[in-house]
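Written out below as structure tokens is the structure these notes cover.
So, in structure tokens, the structure goes:
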């Protein structure tokens, strides 16, 4: 028994354990996602997060200890974002042809995201801190946190809402689009990237390269649109 | 292979520096994406080895969000007494945004692509 505990103490101090846990949990999520016929409700990120949070709570491990290992995966988000230039370049003829439609759709989507989040939150009596954090929820986390900080809100709450929005969009977005018969890959990708940033883009890339390219583009442009429009909208409203 | 990995990291680093230096409201990696895109335009194509490096990263993009997602466990109490308003706002607003953006894009591209098609 002593030996077993020694091994546990040794392993939990090394980044390898939580790095491996992250990969294994994600593989499990991906396996379930594949088995379900790529059903968006079986989102692999959501499954992996639930499995890992369950394990950490069960073993009394703190997020900081977990992140010591998981940071190596997290770090790759930056280079992966840079890599989105490749699908964008491949699809650039399509982008150029519908440049006006893309800009108009993203700006409309950006305003819809902010106004509807504020509207529903306000009607249901959310506090002012919550409302500020809700407004940029569709934008990639570092930008959303920056905007909220500038408006005097809580960046950490914003980070939570951004991630939840990504998962919700990746899960429910494809279902809503199918129900409405919106089948064009450009439109689907653009919508996922505008509403649910990188997590939506990851889902779009898995399904179709055109959708992935448009989603990555929308994620970048909506970050810019929201950073410019939200402070103006906020001053008008409050 | 290593060349292109270095190129990707350099684009990100240059993006971060540009963001700080110019005070831009866009994250460094997104600016890095623009820089890499300009590199491809300049090059006039996608080098095969670059495509294999970026393919490896992008094929598993979902995985990279898992550590941040696990961070939800720290902050769930921040949702506090507003959890109902928050859940409703997130679901309604996210789905609405997706539907509005996709509808708008579909309508705009349809009317410009099929000039004299029925409207």
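Protein chains in written order, with the numbering used here: chain P, 1008 to 1245; chain F, 17 to 135. C-beta atoms are modelled at their ideal positions from N, C-alpha and C, and glycine is treated no differently.
- Query: What is the DSSP secondary structure of residue 75 of chain F, reduced to helix, strand or coil?
  - Reply: As a first step, residue 75 of chain F must be located in the second chain, where it is residue number 59. Note: residue 75 of chain F maps to coil in three-state DSSP.
- Assuming residue 89 of chain F contacts residue 1080 of chain P under a Cβ cut-off of 8 Å, what Cβ separation, rounded to an integer in Å, is found between them? In the second chain, the residue the question calls residue 89 of chain F occupies position 73. In the first chain, the residue the question calls residue 1080 of chain P occupies position 73. At roughly 16 Å, the Cβ-Cβ gap does not stay under 8 Å, so residue 89 of chain F and residue 1080 of chain P are not in contact.
- Item | Whole runs of the alpha helix (DSSP H) within the stretch 1169-1244 of chain P, excluding any shorter than 4 residues | 1192-1214 and 1216-1244
- Item | Residues near residue 1162 of chain P in its chain [Cβ-Cβ closer than 6 Å; skip 5 each side] | Stepping through the first chain from its first residue, residue 1162 of chain P is reached at position 155. Within the same chain, residue 1162 of chain P has close Cβ partners 1152, 1155 and 1156.
- Message: Is there a Cβ of chain P sitting closer than 7 Å to that of residue 63 of chain F, yes or no?
- Response: Within the second chain, the letter at position 47 stands for residue 63 of chain F. By this cut-off, residue 63 of chain F is not an interface position.
- residue 1167 of chain P versus residue 1147 of chain P - alpha carbon distance: For this step, residue 1167 of chain P is matched to residue 160 along the first chain. For this step, residue 1147 of chain P is matched to residue 140 along the first chain. Distance between the alpha carbons of residue 1167 of chain P and residue 1147 of chain P: 11 Å.
- Task: Could I get the ranges of all uninterrupted alpha helix (DSSP H) runs contained in the stretch 1064-1123 of chain P, with 4 residues as the minimum, in chain order?
- Result: 1070-1082, 1084-1090, 1092-1097 and 1099-1104
- Query: Among the residues of its own chain, which have a CB less than 8 Å from the CB of residue 1097 of chain P, if the five just before and after it don't count?
  - Reply: For the purposes of this step, residue 1097 of chain P is identified with residue 90 of the first chain, where counting begins at 1. 1216 and 1220, listed in sequence order.
- Message: For chain P, check one thing: does any of its Cβ atoms lie closer than 7 Å to the Cβ of residue 77 of chain F?
- Response: Taking the second chain and counting its residues from 1, the one referred to as residue 77 of chain F is at position 61. Yes, contact with chain P.
- Task: Just tell me which of F:98, F:35 and F:107 has its CA closest to the CA of residue 1132 of chain P.
- Result: As a working note, residue 1132 of chain P is residue 125 in the first chain. If we check each option's Cα against that of residue 1132 of chain P, F:98 comes out closest.
- Query: In chain order, what residues of the same chain lie with their CB nearer than 8 Å to the CB of residue 1241 of chain P, ignoring the 5 residues before and after it?
  - Reply: By one-based count along the first chain, residue 1241 of chain P stands at place 234. Answer for residue 1241 of chain P: 1139, 1142 and 1158, listed in chain order.
- Message: Rounded to the nearest angstrom, what separates residue 32 of chain F and residue 1087 of chain P at their Cα positions?
- Response: Along the second chain, read from residue 1 onward, the residue named residue 32 of chain F stands at position 16. Along the first chain, read from residue 1 onward, the residue named residue 1087 of chain P stands at position 80. Cα to Cα, the separation comes out at about 15 Å.
- Message: Do residue 78 of chain F and residue 1089 of chain P count as a contact pair if the criterion is CB distance below 7 Å?
- Response: Along the first chain, one-based indexing puts residue 1089 of chain P at 82. Along the second chain, one-based indexing puts residue 78 of chain F at 62. Result no, Cβ atoms of residue 1089 of chain P and residue 78 of chain F do not sit closer than 7 Å.
- Just how far apart, CA to CA, sit residue 1099 of chain P and residue 1065 of chain P? For the purposes of this step, residue 1099 of chain P is taken as the residue at position 92 of the first chain. For the purposes of this step, residue 1065 of chain P is taken as the residue at position 58 of the first chain. If I take the Cα positions, the gap works out to 48 Å.
- Message: Less than 6 Å between C-beta atoms, sequence neighbours within five positions excluded: which residues of the same chain meet that for residue 1195 of chain P?
- Response: The residue given as residue 1195 of chain P occupies position 188 in the first chain. Correct list, in chain order: 1184 and 1218.
- Query: Closest Cβ-Cβ distance between residue 13 of chain F and chain P: below 7 Å?
  - Reply: Beyond the ends of chain F as shown, which are 17 and 135, falls residue 13 of chain F; an answer cannot be given.
- Item | Proximity of residue 1197 of chain P and residue 117 of chain F at Cβ, strictly below 7 Å | The count along the first chain starts at 1 and reaches residue 1197 of chain P at position 190. The count along the second chain starts at 1 and reaches residue 117 of chain F at position 101. A contact, by the Cβ cut-off of 7 Å.
- Message: So, for residue 45 of chain F: in the same chain, excluding its five sequence neighbours on each side, which residues have a beta-carbon less than 7 Å away from its beta-carbon?
- Response: Position 29 of the second chain, counted from the start, is the residue given in the question as residue 45 of chain F. Within the same chain, residue 45 of chain F has close Cβ partners 28 and 31.
- State the CB to CB distance for the pair residue 1223 of chain P and residue 1188 of chain P, rounded to an integer number of angstroms; the pair is presumed to be in contact (CB under 8 Å). The count along the first chain starts at 1 and reaches residue 1223 of chain P at position 216. The count along the first chain starts at 1 and reaches residue 1188 of chain P at position 181. That belief does not hold up - the Cβ atoms of residue 1223 of chain P and residue 1188 of chain P are roughly 25 Å apart, past 8 Å.
- Task: Report all residues from its chain with a CB closer than 8 Å to the CB of residue 1075 of chain P; omit the five preceding and five following residues, and keep chain order.
- Result: Translated into positions along the first chain, residue 1075 of chain P becomes position 68. Same-chain partners within the cutoff: 1022 and 1025.
- Out of curiosity, what's the CA-to-CA distance linking residue 1145 of chain P and residue 70 of chain F? Translated into the one-based positions of the first chain, residue 1145 of chain P becomes position 138. Translated into the one-based positions of the second chain, residue 70 of chain F becomes position 54. Roughly 25 Å separates the two Cα atoms.
- In terms of alpha-carbon separation, which member of P:1175, P:1174, P:1213 and P:1178 lies closest to residue 1192 of chain P? Here residue 1192 of chain P corresponds to residue number 185 of the first chain, with the count starting at 1. Here the closest residue by C-alpha is P:1213.
- Item | residue 27 of chain F: first and last residue of the uninterrupted alpha helix (DSSP H) it sits in | Translated into positions along the second chain, residue 27 of chain F becomes position 11. That run of the alpha helix (DSSP H) goes 18-38.
- Query: Rounded to whole angstroms, how far is the Cβ of residue 1113 of chain P from the Cβ of residue 1232 of chain P, which I believe are closer than 8 Å?
  - Reply: Taking the first chain and counting its residues from 1, one reaches residue 1113 of chain P at position 106. Taking the first chain and counting its residues from 1, one reaches residue 1232 of chain P at position 225. Contact flag correct, Cβ pair sits at about 6 Å.
- What is the rounded straight-line gap between the Cα of residue 1048 of chain P and the Cα of residue 86 of chain F? The residue labelled residue 1048 of chain P in the question sits at position 41 within the first chain. The residue labelled residue 86 of chain F in the question sits at position 70 within the second chain. Cα to Cα, the separation comes out at about 18 Å.
- Per-residue burial, residue 75 of chain F [other beta carbons within 10 Å of its own, 16 or more giving buried]: Along the second chain, read from residue 1 onward, the residue named residue 75 of chain F stands at position 59. Looking at its Cβ environment, which holds fewer than 16 other Cβ atoms inside 10 Å, residue 75 of chain F is exposed.
- Task: Select from the stretch 84-101 of chain F all residues with a C-beta closer than 9 Å to any C-beta belonging to chain P, and list them in chain order.
- Result: 84, 85, 86, 87, 88, 89, 90, 91, 92, 94, 95, 96, 97, 98, 100 and 101
- Task: Using a Cβ cut-off of 8 Å, pull out every chain P residue sitting near residue 81 of chain F, in sequence order please.
- Result: Within the second chain, residue 81 of chain F is the residue found at index 65, counting from 1. In chain order: 1052, 1084, 1170, 1173, 1205, 1206 and 1209.
- When the cut-off is 7 Å and only beta carbons count, does residue 58 of chain F lie next to chain P? Residue numbering aside, residue 58 of chain F sits at position 42 when the second chain is read from its first letter. No, residue 58 of chain F does not count as interfacial toward chain P.
- Item | Test: residue 105 of chain F CB closer than 7 Å to a CB of chain P | Position 89 of the second chain holds residue 105 of chain F. Taking Cβ atoms only, chain P reaches closer than 7 Å to residue 105 of chain F, which makes this a yes.
- Item | Sequence-distant residues of its chain with Cβ nearer than 8 Å to residue 1182 of chain P (five each side left out) | For the purposes of this step, residue 1182 of chain P is taken as residue 175 along the first chain, with counting starting at 1. 1047 and 1048.
- Task: Please confirm if residue 33 of chain F has its CB atom under 7 Å from at least one CB of chain P.
- Result: Within the second chain, numbered from 1, the residue matching residue 33 of chain F stands at position 17. Residue 33 of chain F does not count as touching chain P.
- Query: If you measure beta-carbon to beta-carbon, which residues of the stretch 1139-1163 of chain P are closer than 8 Å to chain F?
  - Reply: 1141, 1144, 1145, 1147, 1148, 1149, 1150, 1153, 1154, 1161 and 1163
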